[in-house]
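Structure first, then comments.
2 protein chains.
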Amino acid sequence: MADVAREAGVSPMTVSRAFKSDAYVNDETRKAILLAADRLGYVMDSMASGLSSRKTGFVAATIPSINNANFADTVRGLTEGLQARGLQVLLGYTNYNQEEEERLVRQLLTRRPEAIVVTGGTHSGKCRTMLANAGIPVIETWDLPTEPIDSVVGFSNADASAMIVGHLVATGRTKIAFLGGDASRDTRGFDRRRGFVREMEARGLDATRLIEAGPPPISMREGADALARLMSRWPDTEAVMCVSDLAAFGALTECQRRGFDVPGAIAIAGFGAYEISDICVPPITSIDPHCFQIGLLTARRIIELLSGEAPGQTESRTLLEPILLVRASTS
Amino acid sequence: MADVAREAGVSPMTVSRAFKSDAYVNDETRKAILLAADRLGYVMDSMASGLSSRKTGFVAATIPSINNANFADTVRGLTEGLQARGLQVLLGYTNYNQEEEERLVRQLLTRRPEAIVVTGGTHSGKCRTMLANAGIPVIETWDLPTEPIDSVVGFSNADASAMIVGHLVATGRTKIAFLGGDASRDTRGFDRRRGFVREMEARGLDATRLIEAGPPPISMREGADALARLMSRWPDTEAVMCVSDLAAFGALTECQRRGFDVPGAIAIAGFGAYEISDICVPPITSIDPHCFQIGLLTARRIIELLSGEAPGQTESRTLLEPILLVRASTS
DNA sequence: CCGCCTGTTGTTATCGATATCATTCATCGC
DNA sequence: GCGATGAATGATATCGATAACAACAGGCGG
């Protein structure tokens, strides 16, 4: 920056100001400075800037997996929502693992983000403490934690499951199974399963057809394998609700290979409104949790908090209403 | 850090050393310091550390889209390969847009990464200049640029296309179409198309059945729509090679809706070895470009360059050999 | 007993920017 | 004509760490 200042014949301070859009600088001076910077190929050092101004321009975000269209959409929403304010997303993934999350959060906090977004509302004790003591806005997403750390932008996974059950029952099915991952790791998946069991029991139906497809994330292949196990164990199953559209699609393909008619012999429902559930044959009934919106609303909330507006605890929960997409796989 | 030093009764410098694993610090002193840090909930400031040591611990990476399993796999490989050296990936996506790439690269460079990874070998002039003058290792991936900026870890998209054409011809098809995106934006997609045309012509076949599915990325839906257009324009088409498995799957579903037998009436091939191509019915012939490996090898190369080993320009191209996965959709 | 090495810790200057206060100069109203 | 006002710029200290060098204690060989 000193070089640019010399080249433009001004002080470093003026160069610094020229690069911030709002500061007092003569238009011609600014133009001269930007030209000099261009000539020298100068690029600002955000790190130094952050150290000095105590604003790094980072918003940290953790997602369970980078290879997941749902979380990718949320990250897109977050990124786009923050772009206008010059905030950059610093991303990390946890592999659906709380210890990994703790390690990751610690690493991210060393970068002094101005806010941190985490997926889910269940964390290790140390992780919670770190988040709570970080002194920055913390937003938990994709979930409705009973004891939020700070702000929440999410929805009820359990209620969404109930919508599916309701729909399946309304179409005349009662022997309904749930196909999901191991209970322990993916808390959202677990909530969906919990919602399934609760709603089934509330309707006086048998809620014991639970097939575990392995540790999350459940791949299409695992969905297919799980369906095979399901049908050999409970051959009279009339419908299966899957923890995600990927598992659901895998299950659908297994039905096709085995010659089970969908939805005639068995109905299949998924979760997440992935593109595949909309285009496959037959298309799969799903739940749209508004992934992109989650990211966008999270961005809005962060900007609100950073602007010092409305830090009141009253509005700290932003609830989304997932939508049931009824398609041919359950018609 | 000063607080921790006081708490532990040592100088800040000793605290700093205690946090670096290799430095000279008495074991007991270190233990005491780490304990004190824990008590105070202290987390290092990597930004300040980076400023001082001129090592930020960042490796910047740009990918066209965050919502793409192929690039996600590459990022996973990169992240895992760099983790051992304590390097953190700073990710950004370009939306398959060169202007966006330029903006993004500029933003990333302000973070003073120790190396930068870009997807593809075609960039705007300014972007090239910035990359070349950044003074850090630059790795271009997923491509074989004719004039690399620095290092390359990639493969020939054109040659991979040729493999598909060869396979389709070997199974007795000659009326073969290519289904891809607009030429201008996605250079890898364009290379695949170029490889298709070249190989078709080399075999004396008609290479004019080119269907444009719109600007990349091509969704499943766009693949389906494009197939519909293809079949109405050239109803006698015997095989279609798609720019990606997603487009290919979309095309497959369209065939199912229209009652075209795959592979009996028409064969379909994709690209990318996405999970879907392996599990759908029938499974789709594809090319596995070793996405994860690209990331891993890129990480290795970066570590090599940062260690000061072998900066020789001789070995700066790392070539991968994509694999043809023959499946039922072209049998 | 001296000088030297090793292990350990402290001191000082510095990384590249910005916050804050100070300064300069032109303009304006009375 | 003079103080007040405001736009534009500069000087200095500082953000939180580390590099580089200095310092000191203890052990060892000669």
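Just so you know, the protein sequences line up as chains A and B, in that order.
Final position of the first sequence in the numbering used here is 331; the numbers increase by one with none missing.
Final position of the second sequence in the numbering used here is 1331; the numbers increase by one with none missing.
Note that beta-carbon positions come from the ideal geometry of N, C-alpha and C, so glycine has one too.
Per-residue burial, residue i [other beta carbons within 10 Å of its own, 16 or more giving buried]
{"i": "Ser1244(B)", "result": "buried"}
{"i": "Ala299(A)", "result": "buried"}
{"i": "Glu1147(B)", "result": "exposed"}
{"i": "Arg1054(B)", "result": "exposed"}
{"i": "Tyr1024(B)", "result": "exposed"}
{"i": "Arg1258(B)", "result": "exposed"}
{"i": "Ile1323(B)", "result": "exposed"}
{"i": "Pro217(A)", "result": "buried"}
{"i": "Glu301(A)", "result": "In the sequence as displayed, the identity of residue 301(A) is Arg instead of Glu. Classification of Arg301(A): buried, given that the 10 Å Cβ count is 16 or more."}
{"i": "Arg1233(B)", "result": "exposed"}
{"i": "Leu1227(B)", "result": "buried"}
{"i": "Gly120(A)", "result": "buried"}
{"i": "Thr314(A)", "result": "Confidence is the limiting factor: at Thr314(A) the pLDDT is only 47, short of 50, which leaves the residue's position unreliable and the question unanswerable from this model."}
{"i": "Asp1022(B)", "result": "exposed"}
{"i": "Ser331(A)", "result": "exposed"}
{"i": "Cys291(A)", "result": "buried"}
{"i": "Glu289(A)", "result": "Inspection of the sequence shows that residue 289(A) is occupied by Pro rather than by Glu. Burial call: buried."}
{"i": "Glu1099(B)", "result": "exposed"}
{"i": "Ser16(A)", "result": "buried"}
{"i": "Thr1014(B)", "result": "buried"}
{"i": "Pro1064(B)", "result": "buried"}
{"i": "Leu109(A)", "result": "buried"}
{"i": "Ser184(A)", "result": "exposed"}
{"i": "Glu201(A)", "result": "exposed"}
{"i": "Thr1208(B)", "result": "exposed"}
{"i": "Ala1170(B)", "result": "exposed"}
Closest by C-alpha distance to residue i, when choosing among the options
{"i": "Thr253(A)", "options": "Pro283(A), Arg233(A), Pro235(A)", "result": "Pro283(A)"}
{"i": "Asp45(A)", "options": "Val1025(B), Gln1107(B), Phe1190(B)", "result": "Gln1107(B)"}
{"i": "Met1231(B)", "options": "Ala1269(B), Ala1207(B), Leu1179(B), Val1281(B)", "result": "Leu1179(B)"}
{"i": "Ala177(A)", "options": "Gly195(A), Asp186(A), Ile33(A)", "result": "Gly195(A)"}
{"i": "Leu1168(B)", "options": "Asp1003(B), Gly1041(B), Gly1250(B), Ser1329(B)", "result": "Ser1329(B)"}
{"i": "Ser52(A)", "options": "Asn70(A), Arg112(A), Ala37(A), Arg221(A)", "result": "Arg112(A)"}
{"i": "Glu321(A)", "options": "Glu304(A), Ile287(A), Gly295(A)", "result": "Ile287(A)"}
{"i": "Gly308(A)", "options": "Ala37(A), Gly77(A), Ala115(A)", "result": "Ala115(A)"}
{"i": "Leu144(A)", "options": "Ser316(A), Met241(A), Val326(A), Arg327(A)", "result": "Ser316(A)"}
{"i": "Lys344(A)", "options": "Ile149(A), Ile139(A), Trp142(A), Val281(A)", "result": "Nothing about residue 344(A) can be read from this structure; chain A reaches only from 1 to 331."}
{"i": "Asp1038(B)", "options": "Met1001(B), Ile1276(B), Leu1305(B), Glu1304(B)", "result": "Met1001(B)"}
{"i": "Val1262(B)", "options": "Gly1214(B), Ala1251(B), Met1130(B)", "result": "Ala1251(B)"}
{"i": "Ile204(A)", "options": "Ala273(A), Asp186(A), Pro215(A), Arg173(A)", "result": "Correcting the residue identity first, residue 204(A) is Gly in this sequence and not Ile. The shortest Cα separation from Gly204(A) among Ala273(A), Asp186(A), Pro215(A), Arg173(A) belongs to Arg173(A)."}
{"i": "Trp1142(B)", "options": "Val1059(B), Ala1072(B), Glu1238(B), Ala1213(B)", "result": "Ala1072(B)"}
{"i": "Thr1237(B)", "options": "Phe1249(B), Gln1256(B), Ala1265(B), Val1117(B)", "result": "Ala1265(B)"}
{"i": "Val1004(B)", "options": "Glu1222(B), Ala1036(B), Ala1018(B), Thr1129(B)", "result": "Ala1036(B)"}
{"i": "Arg1327(B)", "options": "Asp1182(B), Ala1248(B), Phe1260(B)", "result": "Ala1248(B)"}
{"i": "Val1117(B)", "options": "Ala1239(B), Met1130(B), Ile1139(B)", "result": "Ile1139(B)"}
{"i": "Glu1222(B)", "options": "Asp1182(B), Arg1188(B), Pro1235(B)", "result": "Asp1182(B)"}
{"i": "Thr129(A)", "options": "Val240(A), Leu305(A), Glu101(A)", "result": "Glu101(A)"}
{"i": "Phe1190(B)", "options": "Cys1280(B), Val1165(B), Glu1212(B)", "result": "Glu1212(B)"}
{"i": "Val1059(B)", "options": "Asn1070(B), Thr1285(B), Val1075(B)", "result": "Val1075(B)"}
{"i": "Pro235(A)", "options": "Ser49(A), Ile303(A), Phe260(A), Leu319(A)", "result": "Phe260(A)"}
{"i": "Lys20(A)", "options": "Ala269(A), Gly50(A), Leu40(A)", "result": "Gly50(A)"}
{"i": "Val165(A)", "options": "Val152(A), Phe271(A), Ala224(A)", "result": "Phe271(A)"}
{"i": "Ile1294(B)", "options": "Tyr1042(B), Asn1070(B), Leu1034(B), Met1047(B)", "result": "Asn1070(B)"}
According to DSSP, residues forming a beta bridge with residue i
{"i": "Tyr93(A)", "result": "Ile63(A)"}
{"i": "Thr318(A)", "result": "Val153(A)"}
{"i": "Leu1139(B)", "result": "In the sequence as displayed, the identity of residue 1139(B) is Ile instead of Leu. The partner list for Ile1139(B) (beta bridge, DSSP) reads Val1117(B), Ser1151(B)."}
{"i": "Thr14(A)", "result": "For Thr14(A), which the question treats as bridged, DSSP gives no partner whatsoever."}
{"i": "Ile1294(B)", "result": "Partner(s): none; Ile1294(B) has no beta bridge."}
{"i": "Leu1179(B)", "result": "Ile1211(B), Cys1242(B)"}
{"i": "Ile268(A)", "result": "Val240(A)"}
{"i": "Leu1325(B)", "result": "Ser1286(B)"}
{"i": "Phe19(A)", "result": "Answer is none; Phe19(A) lacks a bridge partner."}
{"i": "Phe1071(B)", "result": "Paired residue(s): none; Phe1071(B) is not in a bridge."}
{"i": "Gln1088(B)", "result": "Phe1058(B)"}
Is the segment 1001-1011 of chain B touching the segment 1029-1043 of chain B in the sense that three or more CB pairs, one from each, lie closer than 8 Å?
Verdict: yes, contact present.
The segment 89-105 of chain A / the segment 1094-1109 of chain B touching (three or more Cβ pairs under 8 Å)
No: fewer than three Cβ pairs fall under 8 Å.
Scan the segment 191-257 of chain A and note each continuous beta strand (DSSP E) run of 3 residues or more that stays entirely inside, going in chain order.
DSSP runs (the beta strand (DSSP E)) wholly in the segment 191-257 of chain A: 210-212, 239-242.
Closer than 8 Å is the cut-off here; do at least three beta carbon pairs connect the segment 1133-1150 of chain B with the segment 64-82 of chain A?
no
Are at least three pairs of beta-carbons, each pair with one atom in the segment 1153-1169 of chain B and one in the segment 1189-1203 of chain B, less than 8 Å apart?
yes
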